[in-house]
Amino acid sequence: MSNKLREKSATEQKTIVAEAIRSIQERVVSVYVFLMVAVFPLFIVRKYYNVLREKFYFFFYATALCLILCALAALVGVFGGAYRKKKAPVTEKFTFWQKAKALVTDLWMHLTLTDRLIYGFILAAAISTAISEWPYQAFWGNMGRLQGLFYFLLAGVSYTLVSRFYHYKKWHLFVFLLVGCLVSLWGVTDYFAMDIFGFRADLNDVTGMLMFSSSIGNINTLTGILGLYLGAAAVVCIFSEKWFLAFPAMLILLAGLVAGLSDNAVLAVGAVYALIPFVAFEKRNGVVRYVFMAALLPLAMGLIGLATALTSAATAASYPWMVGVLVGLSVKNYKVLLILAGVFLAAGYLLKKLWQQEPEKELEGAKRVWGVVCAIGLTAVVVIFVMVNTGHLPAALAGYSDILVFSDTWGTNRGYVWKNLFKFFAEFPLIKKLFGSGPETYLILMSKNLYYEMQERFNVIFDSPHSEPLQYLITTGILGFITYYGAVIAASVRGAKYGSAPRVFAYALIGAIAASLVNISVPITTPLVFLSMAIAGNLKDSEENS
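Residue 913 is where the sequence shown starts when you use my numbering, and the numbers rise one by one after that.
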């Protein structure tokens, strides 16, 4: 056999082996993604006693097993290639440094912007840990919610596996939304004190009982993860042919957000409804579906408010201090909300009939008009907030002073926490401003400086700023903050523009990140955020039809 034939045969064998290994890795990662979207959100062992650690260990073992199996497949390819090279003729030799340079260059050129920012964030977290006063705690995260450097390395592995090997399957999306609906329905039943699984029966204080719900645990975390599902469902409502499945799912998720009692739901709902028109208003059909989708919010609020009025077991009726903004509006105005839902439904129907006989076409200027509306709305919110906090509280807003007036007690004492966070950050030296105090070291920082004051004023030790952006800023510094949220923005923008499946997870990111502005970053929601970034920031069109 000639040298050319031998080389051709060796190349063909190498291609076949590489494709087989790639197929194995894709199948392994596909199972991994299924476990993360179908089992992880519902996984709970000892009721609410250890839910955070249980989710952490599920994520750890699932990711570690996926990595091991993918690495074993890759090793088979490496050793197989080495064996074949002994038989194949050597045509060209390279030094070790030439090979290393070529490998690094090739890897860098194939990284997306989201990839580079994610890995930049993990590097910033590593440097933050190395220079921290408390490197052990920063590495393991044992003085917070377990999100130390070890956790972010694990999240980076998960991101890499999904972004490189995940082959999209539509039924994964349906499972994802179905599980979201189950989580939401469970939360609604808890709101009405049904406790269908008996998880709350042995909690010995009323406030503690009301603070935990569904398979997620803390109600703030519950509404945070429902925000992620809501963003995904909104895209399916606008673009999917199976709208008859998407709209009921959207209604269930909105009901869960209303009944979740946490005010971060307002941010999630507001962000999704404000930003979805920028992809929906491309065609008339998108406008019609958005109007129908707009009817679901007052409908969900009205139904929760009506059901609350008809029962005496609801938390909103029995424990007023737990009432969130959405529940408060729902209970007081459920009749008006139900009428408003009917108006939106009628408007959607009329628009559909009006445009039904005309050919579908792109709408020019609709997105620009919506952009102006959003800008005006945002400006109005800022102006109102400034007015209220400079002593000009309009009579119409007097009932919402606890939300609008920023003080130490604002947002369940978030005002106190945030004020001191900025004080500590201002006192950091430059290197610490850049890299922070170390992941999950906020509790140590607060205890070191304000332990007795917190105990005296609030009878509690604040172990988190209850704001993910501020948490990343203080613990991983300016560089950690910029790279993490840069990755979120890059993935969201790329996903919104690049095909239907990436768009679903781009808006899932938007819903989750909006809720996180006043929420805690925990291993219950963060794995799904990294998974959404991996898909929105990397998935190709050709992979969407599987």
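Even for Gly, the Cβ is constructed at its ideal location relative to N, Cα and C. Just so we're clear, the structure is a prediction, and the values are computed from it rather than from any experiment.
The C-alpha of S935 is placed about 13 Å away from the C-alpha of L1073.
Non-local C-beta neighbours of L1333 in its own chain, meaning closer than 6 Å and more than five positions away in sequence, comprise P1377, L1382, I1386, ordered along the chain. When secondary structure is reduced to three states using DSSP, F1111 falls in the coil class, being assigned neither helix nor strand. Beta-carbon to beta-carbon, S1428 and G1136 are separated by about 6 Å, close enough to satisfy the 8 Å threshold. Contact annotation: G1407 and A1418 have beta-carbon atoms nearer than 8 Å. DSSP, read as helix, strand or coil, puts G1254 in helix. By a beta-carbon distance limit of 8 Å, S1349 contacts S1044. Their separation comes to about 6 Å.
Distance check between W1282 and each of F1190, C1093, V1372, P1414 places F1190 closest, using alpha-carbon atoms only. In the structure shown, F1086 falls within a helical segment according to DSSP collapsed to helix, strand and coil. Going by beta carbons, L1238 and L1169 fall inside the 8 Å limit. The closest CA to that of A1278, considering only Q1059, A1192, V1095, is found on A1192.
Rounded to the nearest whole angstrom, the CA to CA distance from M1213 to A986 is 52 Å. Taking all protein chains in view, the Cβ of I1343 is surrounded by fewer than 16 other Cβ atoms within 10 Å, so the residue is classified as exposed.
Check the Cα spacing between L1173 and each of R1201, A1158, G1099: the tightest is with G1099. Beta-bridge partners assigned by DSSP to K1195: E1274.
Put simply, the backbone Cα of F1374 is about 25 Å away from that of Y969.
By the CB criterion at 8 Å, A1403 and T1026 fall inside the cutoff.
By the neighbour-count definition (other C-beta atoms within 10 Å, threshold 16), R958 is an exposed residue. Uninterrupted beta strand (DSSP E) stretches at least 3 residues long and entirely within the segment 1279-1366 do not occur. Within the model, the alpha-carbon separation for L1208 versus F1104 is close to 20 Å.
When rounded, the separation of the alpha-carbon atoms in F1318 and V1295 is 14 Å. Fewer than three Cβ pairs drawn from the segment 1086-1099 and the segment 1062-1076 lie within less than 8 Å of each other, which leaves the two stretches out of contact. By the 16-neighbour rule on beta-carbons within 10 angstroms, N1054 is exposed. Under the three-state reduction of DSSP output, N1130 falls in the strand class.
In this structure A1420 is in contact with G1143, their Cβ atoms being roughly 4 Å apart against a cut-off of 8 Å.
Straight-line spacing of the CA atoms in C1093 and F1340 works out to 44 Å. Pairing G1303 with I1128, the inter-Cα distance amounts to about 40 Å. Contact between the segment 1384-1401 and the segment 1027-1038 is present: three or more C-beta pairs spanning the two stretches fall below 8 Å. Taking the Cβ atoms as the reference, H1079 lies roughly 37 Å from E1276, outside the contact range of under 8 Å. Counting along the chain, W1052 sits inside the alpha helix (DSSP H) bounded by residues 1047-1052. Under DSSP, S1125 takes part in a beta bridge, and its partners are G1129. Distance from the Cα of S1096 is smallest, within the candidate group A1177, N1431, R1280, F1393, for A1177. By the neighbour-count criterion, in which a residue is buried when 16 or more other Cβ atoms sit within 10 angstroms of its Cβ, T1291 is exposed. Each of V1416, L1215, R1280 was checked against the Cα of E1194, and the nearest Cα belongs to R1280. Remark: C-beta atoms of T1395 and G1032 approach each other more closely than 8 Å.
Within a 10 Å sphere around the beta-carbon of M1021 sit fewer than 16 other beta-carbons, which makes this residue exposed.
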